[in-house]
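Engineer: Numbering (the working numbering), first residue to last: 48 to 303.
Backbone N, C-alpha and C define an ideal beta-carbon position, used for all residues, glycine too.
#1: Could you tell me which uninterrupted beta strand (DSSP E) segments, each at least 3 residues in length, are contained entirely in the segment 95–179, listed from first to last along the chain?
#2: Assess contact between the segment 181–193 and the segment 226–234, defined as three or more Cβ pairs (one per stretch) separated by less than 8 Å. Is contact present?
#3: Secondary structure at residue 261, three-state DSSP: helix, strand or coil?
#4: Let me know the secondary structure DSSP gives residue 189 once reduced to three states.
#5: Exposed or buried, residue 58, counting other C-beta atoms within 10 Å across all chains shown (16 or more means buried)?
#6: Determine the burial state of residue 52: buried for a count of at least 16 other Cβ atoms within 10 Å of its Cβ, exposed for fewer.
#7: Excluding sequence positions up to five away, which residues of its chain have a Cβ less than 7 Å from the Cβ of residue 280?
#8: Please name the residue, chosen from 95, 270, 137, 156, that lies closest to residue 173 on a Cα-to-Cα basis.
#9: In the DSSP output, what is residue 56 paired with across the bridge?
#10: Have a look at residue 262 and residue 249 and give me their C-alpha separation to the nearest angstrom.
#11: Taking the alpha carbon of residue 178 as the reference point, which residue from 118, 126, 164 has its own alpha carbon closest?
#12: CB residue 159 to CB residue 110, shorter than 8 Å?
#13: Here's a check: name, in chain order, each residue in its chain whose Cβ is nearer than 6 Å to the Cβ of residue 90, leaving out the five neighbours to either side.
#14: Take residue 106 and list the residues in its own chain whose beta-carbon comes closer than 7 Å to its own, dropping the five residues that flank it on each side.
#15: Tell me which same chain residues have a C-beta within less than 7 Å of the C-beta of residue 113, skipping the five on either side of it?
#16: Just the Cα atoms here: how many angstroms apart are residue 54 and residue 296?
#17: Name the two residues that bound the continuous alpha helix (DSSP H) containing residue 76.
#18: Could you pull out every residue in the same chain whose Cβ sits closer than 6 Å to the Cβ of residue 61, ignoring the five residues on either side in sequence?
#19: Taking residue 215 as part of the alpha helix (DSSP H), name the residues at either end of that continuous run.
#20: Can you tell me where the beta strand (DSSP E) holding residue 181 begins and where it ends?
#21: Here's the rule I'm using: 16 or more other beta-carbon atoms within 10 Å means buried, otherwise exposed. How should residue 95 be labelled?
#22: Starting from the C-beta of residue 268, find all residues in its chain whose C-beta is less than 6 Å away, skip the five residues before and the five after it, and write them out in chain order.
#23: Which first and last residues belong to the alpha helix (DSSP H) in which residue 200 is found?
#24: Verify the contact flag: residue 139, CB atom, against every heavy atom of the ligand NAD, threshold strictly below 7 Å.
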């Protein structure tokens, strides 16, 4: 590890490589899940998607967890997208971890549901029935959490799930990561957990690699706590950790 520090309530760990960072994050999440299983016989977590989560999920599925006692939710899904689409987050999670570990229960947001409002109500009701032991998240190039981009992020949102409009920075990130051939193909709307839905989780593990995330990391850690950078709100959570590689931390004066 290069450096560990705390900004308000948020603990931050910086590692030399994304592999080291991802392994340590997976160990942390595993510990939280196993503690929950030991305490109450089961555990519930939320998983994120995107290029930033590749290494983390690879490590997580190789740790010692009794997945037969785990319930899984996820952060978001594009509106009107089928699970067969190459960019579907449901497909991503199935292929990268869930088909391998076979959790007891998996609750997906159905982006292609006939009625999006009924679907977000259904998912919100499911979330309310569960105590979420840990949320495994990332942050976007615009500082978003889930698909709560700056124009739609609300730290006091009364909803746990809602349909949101994606801003151009977010849509360009999806294009840049290779999920879509053209910007016109990137959906304009998604079903997403809200900021309060994430903040109500008992613990949060936020994995953020790569230099392209460095400006968002700097804003989240050193800027005002504001919806201009939604990830800044993590500094208010009582048990949140942000995991960075050196590239993501490159705009911080880590030594200081």
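Structural biologist: Judging by the given coordinates:
#1: Secondary structure in the segment 95–179: the beta strand (DSSP E) runs of 3 residues or longer, each lying completely within the stretch, are 117–121, 123–125 in chain order.
#2: For the pair of segments examined, the segment 181–193 was found not to touch the segment 226–234: the number of CB pairs separated by less than 8 Å stays below three.
#3: If DSSP states are grouped into helix, strand and coil, residue 261 belongs with the helices.
#4: It is coil, neither helix nor strand.
#5: Classification of residue 58: exposed, given that the 10 Å Cβ count is below 16.
#6: Classification of residue 52: exposed, given that the 10 Å Cβ count is below 16.
#7: Excluding sequence neighbours, residue 280 sits near 202, 242, 246, 272.
#8: The closest CA to that of residue 173, considering only 95, 270, 137, 156, is found on 156.
#9: In the DSSP assignment, no residue is bridged to residue 56.
#10: Computed Cα separation, rounded: 27 Å.
#11: Each of 118, 126, 164 was checked against the Cα of residue 178, and the nearest Cα belongs to 118.
#12: No, the pair does not count as a contact, with Cβ atoms beyond the cut-off.
#13: So the qualifying residues of the chain are 80, 83, 84, 117, 180.
#14: Cβ neighbours of residue 106 beyond the five flanking positions: 69, 70, 73.
#15: Here the set comprises 84.
#16: Approximately 14 Å between the Cα atoms of the pair.
#17: 65–87 is the extent of the alpha helix (DSSP H) around residue 76.
#18: Closer than 6 Å at Cβ, skipping near neighbours: 49, 50, 291, 296, 301.
#19: Here the alpha helix (DSSP H) through residue 215 covers 215–223.
#20: Segment 181–184, the beta strand (DSSP E) holding residue 181.
#21: Residue 95 sits buried, since 16 or more C-beta atoms from the chains shown fall within 10 Å of its C-beta.
#22: 54.
#23: Note, residue 200: premise wrong, no alpha helix (DSSP H); not H, not E.
#24: The ligand NAD is not among the ligands present in this structure, which contains no ligands whatsoever.
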